[in-house]
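To start, the structure itself, in structure tokens.
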Amino acid sequence: RKKRLSSVLHCLAFQKMRSALAYRKNYEDTKAHIHIPSDMINHVLAKKCQYILSDLEYRTYLHQWNCSPEENDVVLARKAQEILSDVIYKDDLTWLKGIGCYVWDTPQILHAKKSYDLQSQLKYTKQGKDNLPNYGVVMDTPVYVTAVQSGHNASELRYKEHYHKTKDKYTTVLKTADHDRIQNLKHLFSNNVYKKLWEKIKSITYKLPPDAVPFVRARQLKYNASIVKYREEYDKFKALYTIPKGVQDDPNTARCLRVGKLNIDRLYRDVYEKNKAKIHIVPDMVGIVTA
């Protein structure tokens, strides 16, 4: 059986070599009939760079060899692969889950349960509620009395209750010096009273002539910013500018046109498209031309 297998492998290798020889012979016979435009140089160079940088082309298999499954290296490699395999690990974990062996009296589990009981808020409050009837509150201690009195003093409801009871027992006297002073300050700081007095004063005593500095300056600013004035000045000065009658009269425009003709890419492309079909490059010459 081993002899038959070696014969088959030998035939396959020979067939591959024969196929490569036939391909090379056909290629050598027909390569002179192939005409590649100069545009293909970039593609050929890109293919050559890809060939150089390709990892598949970089690898070179020296020979084909067979290894028996019973060899020591193969057995060790298989065992190491099984140890590092995630599939084997998951199979073992699934098998361990199905055993159902769980010990409840181990020190670690007891320690965790005890820690949970100590940190449980429900059990802590339950123990306090169970022991609450066993204790009584002494009402006449200074601490308790002070706490109750502080609660009454800090209560907003009790404060408002006392205020509502006593607020109707007092009356305000308006004819006092403090009340008059407050009313005067209120009138001084009142915006409505200030505006009312200003309207009375400005219509009687304050006069602003038309030739005053603020009016003159405002009119001057408005005049300078007027679009009508701008248009008037523009119409006066636009006749002073002259425009050349043609392109040849303006040296700058003519120079730009000449530079544009020299730099235009369309003319170059036109000549290139006409002449590229006359160039015949053999594919083997690409490496020589590149070098």
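Here our numbering is used: the first residue of the sequence shown is 967, the next is one more, and so on. For each residue, glycine too, the CB sits at the ideal point set by N, CA and C. None of the values given here were measured: they were computed from a predicted structure.
Residue i: first and last residue of the uninterrupted alpha helix (DSSP H) it sits in
i            : result
residue 1007 : 1006-1019
residue 920  : In the structure as shown, the chain starts at 967 and stops at 1257, and residue 920 therefore has no counterpart that could be examined.
residue 1119 : 1108-1120
residue 1050 : 1038-1050
residue 1097 : 1087-1097
residue 1193 : 1193-1203
residue 961  : Lying outside 967 to 1257, the shown extent of the chain, residue 961 is not represented and no answer is given.
residue 1103 : First-last for residue 1103: undefined, no H or E at that position.
residue 1186 : 1179-1190
Supposed close pair residue i, residue j - CB separation, criterion 8 Å
i            : j            : result
residue 1041 : residue 1033 : Contact flag wrong, Cβ pair sits at about 11 Å.
residue 1089 : residue 1083 : 6 Å
Span separating the alpha-carbon of residue i from that of residue j
i            : j            : result
residue 1115 : residue 1155 : 45 Å
residue 1015 : residue 1226 : 37 Å
residue 1146 : residue 1160 : 19 Å
residue 1224 : residue 1242 : 27 Å
residue 1046 : residue 1054 : 11 Å
residue 1000 : residue 1056 : 60 Å
residue 980  : residue 1235 : 51 Å
residue 1141 : residue 1121 : 36 Å
residue 1131 : residue 1137 : 14 Å
residue 1163 : residue 1151 : 16 Å
residue 983  : residue 973  : 15 Å
residue 1229 : residue 1201 : 40 Å
residue 1052 : residue 1076 : 33 Å
residue 975  : residue 1043 : 26 Å
residue 1197 : residue 1216 : 28 Å
residue 1107 : residue 1073 : 48 Å
residue 1144 : residue 1187 : 52 Å
residue 1244 : residue 1220 : 37 Å
residue 1126 : residue 1113 : 20 Å
residue 1080 : residue 1063 : 26 Å
residue 1204 : residue 1193 : 16 Å
residue 968  : residue 985  : Low confidence applies here, because residue 968 scores a pLDDT of 46, under 50, leaving its location unreliable and the question unanswered by this model.
residue 1177 : residue 1206 : 37 Å
residue 1019 : residue 1059 : 44 Å
residue 1101 : residue 1086 : 23 Å
residue 998  : residue 992  : 11 Å
residue 1031 : residue 978  : 14 Å
residue 1148 : residue 1168 : 28 Å
residue 1050 : residue 1038 : 18 Å
residue 1013 : residue 1238 : 24 Å
residue 1287 : residue 1008 : The question about residue 1287 has no answer here: the residues shown for the chain are numbered 967 through 1257.
Sequence-distant residues of its chain with Cβ nearer than 7 Å to residue i (five each side left out)
i            : result
residue 1240 : none
residue 987  : none
residue 1214 : 1220
Close Cβ partners of residue i (< 8 Å) along its chain, the five nearest in sequence each way excluded
i            : result
residue 1118 : 1124
residue 1048 : 1054
residue 1036 : none
residue 1153 : 1159
residue 1195 : 1189
residue 1103 : 1110
Own chain partners of residue i with C-beta closer than 6 Å, once the 5 adjacent residues on each side are dropped
i            : result
residue 1166 : none
residue 1129 : none
Neighbour flag for residue i against chain D, beta carbons, 8 Å
i           : result
residue 988 : Here there is only one protein chain, and chain D is not present.
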